[in-house]
Amino acid sequence: MADIPINKMVSALEEEGGELEEAKKELETWKTKAEKADDVKARLILEKLKEDEAKDKAMKECLACVEKEKDCDFTQSMKAVQEEILNLGNRRQALLDKLKRCQTELEAKRAESTKLKHKFKIYAQIPDIEVNYRTQYEEQMGDGSQPISGRYLISQRASVHLQGGQALITFEEEKVASQILKIPKCSVSCEHSSVDVKPRRIAMNPAVKFEVILDVSRKEVEVLNIPPSMPEDRMKDRLGLSFCRPSRGGGEVERVKYDKNTGSGQITFLHPGVADGLVLRGSYRLDLDSEVNVQVGPVYSHQLLRFQTFCGSPKRTVLLEDIEDKEEEEDLQDHLEIHFQKPSNYGGEIESIRYLSGGKALQAFF
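If you're matching positions, the sequence shown starts at 1 in the UniProt record's numbering and goes up one per residue.
Have a look at this one:
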């Protein structure tokens, strides 16, 4: 009875020993698999690291390409901008050169205009002439507010500037002057010597002729030299109050204009005739901060009509140049007249002659 449990125990131990061996084998198997799995894992980690390095390298190469492309685009854009700047600079220089040429032409035109203005400007002292009106004047109906109108015809005589050592000879016939002008030089005999003269055709200064219409207001006066002692609106009120006093020659004021920059004004009276008396007086006393005398003048408008210019050369007059002062002025003029009257010297009858010695000058009118 005691042997049966021992056998069972031995059998049980043997069975457990077999199972243990199988467990050991299975453990070894799993250890081997685990080692293989670790090897695979390590290999995969290494491959991943290599792929990450390749990825980083590719990313860097890609970024480098992008930067290079940007640099290329920037370089191209920079070149385009530089070319545009160069073109703009060339265009600017061309415009500056054109501006300089235009300024030079403008200065030349201005100089020519100034020269022509001086050439055609009239410098004449008009003498005082008593006018005798023979046409009966019929006074027009109305309140007398119409302006005083005048029409003047101004005609300038043709002239030439005669300098010392020159003479003007006017013949009675044109053919005689034509014959003299064909001679390059004439030798005029004097008492103890001879004088060589050169005949020349005359180039007269331009002459003008024009008509001027002048209208003088009978209700308005111009006030000058007004001191800027107060504001513009207040000055207008003072001007109106000052010029409305009959005791000073004023009258009822209709309108007042004042320019502070020029110190001038314009007074329009309600009734005609007041302005006439003030203009004749020439001055007026204003009540400003203190009494001030101002200048009073007429208000007028003018029109220039039928402006005409004339220029040419007289056909019967000859200019003699390069005449030496070997004798007195009158004596030498007599010798010139005698010489050019002789038909043997291609001369003829002389209408007038004028010789001017050296150092003198005059204006000869035709």
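Beta carbons: idealized from backbone N, C-alpha and C, even for Gly.
Rounded straight-line distance, which links the Cα of residue j to that of residue i
i	j	result
Leu356	Phe171	18 Å
Leu286	Ser301	26 Å
Ala108	Lys115	10 Å
Lys342	Gln179	13 Å
Ser194	Leu304	53 Å
Gly18	Thr32	21 Å
Gln76	Lys70	10 Å
Glu328	Cys190	11 Å
Leu95	Leu86	14 Å
Val160	Glu349	22 Å
Tyr258	Phe307	35 Å
Ser290	Pro227	11 Å
Arg110	Pro206	20 Å
Glu351	Ala203	20 Å
Lys48	Val40	12 Å
Met78	Glu67	16 Å
Pro231	Glu254	21 Å
Arg248	Ser242	9 Å
Asn225	Lys209	35 Å
Leu46	Lys25	31 Å
Ile323	Thr262	55 Å
For residue i, the first and last residue of its enclosing alpha helix (DSSP H)
i	result
Ser178	Glu174 to Leu181
Ala275	Val274 to Arg281
Phe240	In the sequence on display, residue 240 carries Gly and not Phe. Per DSSP, Gly240 belongs to the alpha helix (DSSP H) from Glu232 to Phe243.
Proximal residues to residue i (C-beta, below 6 Å), its chain only, five neighbours per side dropped
i	result
Gly297	Glu222
His339	Val188 and Asn345
Lys185	Asp196 and Lys198
Leu270	Glu252 and Glu254
Residue burial classification, residue i (beta-carbon count within 10 angstroms, cutoff 16)
i	result
Tyr152	exposed
Ala167	buried
Ala23	exposed
Leu336	buried
Thr104	exposed
Val176	buried
Lys360	exposed
Arg234	exposed
Gln363	exposed
Val318	buried
Arg201	exposed
Arg238	buried
Gln93	exposed
Ile353	buried
Ile213	exposed
Those residues which DSSP pairs with residue i across a bridge
i	result
Thr317	Thr170
Ile350	Phe171
Phe269	Val253
Gln163	Ala361
Cys65	In the DSSP output, where bridge partners are listed per residue, Cys65 has none listed.
Cys186	Val197
Own chain, CB closer than 8 Å to residue i, minus 5 neighbours either side, in chain order
i	result
Arg218	Gly144, Ser145, Gln146, Pro147, Ile148, Pro272, Gly273, Ala275 and Asp276
Gln136	Because the pLDDT at Gln136 is just 49, under 50, the model does not fix this residue reliably, and the point stays unresolved.
Ser283	Asn293, Val294, Gln295 and Val296
Leu20	none
Where the beta strand (DSSP E) containing residue i begins and where it ends
i	result
Phe365	Ala361 to Phe365
His335	It is not in any beta strand (DSSP E) - His335 instead sits in the alpha helix (DSSP H) that spans Glu329 to Gln341.
Ala207	Ala207 to Leu224
Glu254	Val253 to Asp259
Ile293	Note that residue 293 corresponds to Asn in the displayed sequence, not to Ile. It spans Glu291 to Phe310 - the beta strand (DSSP E) in which Asn293 sits, taken as one unbroken run.
Ile202	Segment: none, Ile202 is in no beta strand (DSSP E) and carries neither H nor E.
Gly263	Note, Gly263: premise wrong, no beta strand (DSSP E); not H, not E.
Ser247	First-last for Ser247: undefined, no H or E at that position.
Ile148	Ile148 to Ser155
The ligand ZN heavy atom lying under 6 Å from the CB of residue i
i	result
Asp215	The ligand ZN is absent from the structure shown, which contains no ligands of any kind.
Other residues of its chain near residue i: CB distance less than 7 Å, five sequence neighbours each side excluded
i	result
Lys236	Val256 and Tyr258
Leu278	Val221, Gly249, Tyr284 and Val296
Leu181	Pro199, Arg201 and Val318
Ser113	none
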